[in-house]
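Residue numbers (the working numbering): 1 to 262.
Glycine included, every Cβ here is placed at the ideal spot set by N, Cα and C.
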């Protein structure tokens, strides 16, 4: 078919549906029947449709607002790097009438996370980027966003049971599995393994850590079923207690038995 700039009205006429239906298909929104979606997609394939995002942004009568829900951070830490990446994308989106704002919460603080989720439901937003922390609260938020037909995406941690547009981040279980595989390359017969874990490992906010541990242990169980593993649980905010615990552990552990630590 001859290459030209097709409007939503052109596509709607060719597919025999409304312009609103075409818009919902183009933005992957719900409330479109399978038959209508197939008609629109067939036309899109035939005309090799690619939206002109620059034209769409300039033609928009209102600005578009993306809100990012991420943890508070300090300079040079993990979330600082993430925010720098978001800011870079925000600069590129400005010509398209797209603005990016932030809602911060304290990591592992349920009350702080709940507050951020409530705020987003009281504001006018066009899309949301979420770094999910507590499962139940996140599911409530995503249910609200889906009800309001507001697209959202996850970063750093994925919740597969939702309908997020996408997930940006690593596979936590796979990363734990690979970490164990790399660590055990230097393993020698007779050695034992010690895992230094923080006391928040079972917190509902530490789903990412839990999945990494699952992947780590999955590899060890499959490849080293008879390996002796020691858990040393450290307290993130109690340095004195940690020192006593570590001294006691290494005092009762014969030298040379444990070479690999994580």
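- Sequence-distant partners of residue 162 (beyond 5 residues in either direction) whose C-beta falls short of 6 Å from its own C-beta, in its chain, are 142.
- Annotation note: the region 65-117 contains the following uninterrupted beta strand (DSSP E) runs of length 3 or greater, listed N- to C-terminal: 98-105.
- The beta carbons of residue 150 and residue 104 sit no closer together than 8 Å.
- Taking a cut-off of 8 Å on C-beta distances, the region 190-200 touches the region 234-242, as three or more cross pairs fall below it.
- Residue 186 and residue 140 have their C-alpha atoms some 45 Å from each other.
- Per DSSP, the beta bridge partners of residue 154 are 130 and 167.
- In this structure residue 37 is in contact with residue 25, their Cβ atoms being roughly 6 Å apart against a cut-off of 8 Å.
- Taken through DSSP and simplified to helix, strand or coil, residue 123 comes out as coil.
- Three or more Cβ pairs drawn from the region 205-219 and the region 172-179 lie within less than 8 Å of each other, which places the two stretches in contact.
- According to the DSSP secondary-structure assignment, residue 195 is paired through a beta bridge with 231.
- DSSP places residue 190 outside any alpha helix (DSSP H), giving it a letter other than H or E.
- Nearest to residue 135 by C-alpha distance, out of 85, 122, 158 and 240, is 158.
- Judged by their CB atoms, residue 144 and residue 130 are not nearer to each other than the 8 Å cut-off.
- Around the beta carbon of residue 241, a 10 Å sphere encloses fewer than 16 other beta carbons of the protein chains shown; the residue is thus reported as exposed.
- Taking C-beta separations shorter than 6 Å and ignoring five residues to either side along the sequence, the partners of residue 22 in its chain run 8, 11, 12 and 40, following chain order.
- Shown here, residue 21 sits in a helix according to DSSP, grouped into three states.
- The continuous stretches of alpha helix (DSSP H) do not include residue 184, and DSSP gives it neither H nor E.
- Cβ-Cβ distances below 8 Å link residue 63 to 97, 98 and 99 in the same chain, with the five nearest sequence neighbours on each side left out; the list follows chain order.
- Relative to residue 229, the option among 247, 191 and 169 whose CA is nearest is 191.
- For the pair residue 65 and residue 125, the CB atoms are nearer than the 8 Å cut-off.
- Under the three-state reduction of DSSP, residue 219 is assigned to helix.
- Taking residue 80 as the centre and dropping the five residues before and after it, the same chain places the C-beta of 73 and 74 closer than 8 Å to its C-beta, in chain order.
- In the structure shown, residue 30 falls within a coil segment according to DSSP collapsed to helix, strand and coil.
- With 16 or more other Cβ atoms from the protein chains shown falling within 10 Å of its own Cβ, residue 156 counts as buried.
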